[in-house]
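Participant: Counting from 16, one number per residue, gives the positions in the sequence shown under our numbering.
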Amino acid sequence: MKCRYMDEKCYEFHDKDVSDKCFLCTENSQKLFTVRQVASMKMVHLCGDCMVNNSDEYLLDNTRPWEGIKGKSD
Ligand SMILES: [Zn+2]
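This is the structure we're talking about:
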């Protein structure tokens with residue numbers, strides 16, 4: 016089921032984010048979390064390790080059901 020939201024602007028992904036790679040280490044791509052980078056308030060994908068190690072700078076964002084693919088931002 017495809018969901019459309021009226022608040023896409025609040026969920027822009029970071030320019031450098033790649034949907035199937037960890038934003039920080041670009042290595043662990045098995046299980047990625049969609050989190051919000053506090054500095055830019057943009058969404059990025061992080062692996063579990065990086066999320067735990069940088070929990071001050073990245074917030075887990077569960078405010079909407081993520082489909083697991085990068086949203087279009089254009
Ligand atoms: Zn990582």
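The beta-carbon is built from N, C-alpha and C at its ideal position, and this holds for glycine as well.
1. Near L47, which residues of its chain fall below 7 Å by C-beta distance, leaving aside the five closest residues on each side in sequence?
2. Buried or exposed: C65, going by 16 or more other Cβ atoms within 10 Å of its Cβ?
3. Given this structure, state the Cα-to-Cα distance separating K31 from N69, to the nearest angstrom.
4. Just to confirm, does C2 get its C-beta within under 6 Å of one of the non-hydrogen atoms of ligand 1?
5. Among R79, F28, S44, whose alpha-carbon lies nearest the alpha-carbon of F35?
Facilitator: On the basis of the data shown:
1. C37, H60, L61, C62
2. buried
3. 17 Å
4. Because the chain in this structure spans residues 16 to 89, residue 2 falls outside the shown range and cannot be described.
5. Rather than Phe, the amino acid found at residue 35 in this sequence is Asp. Nearest C-alpha to D35 among R79, F28, S44: S44.
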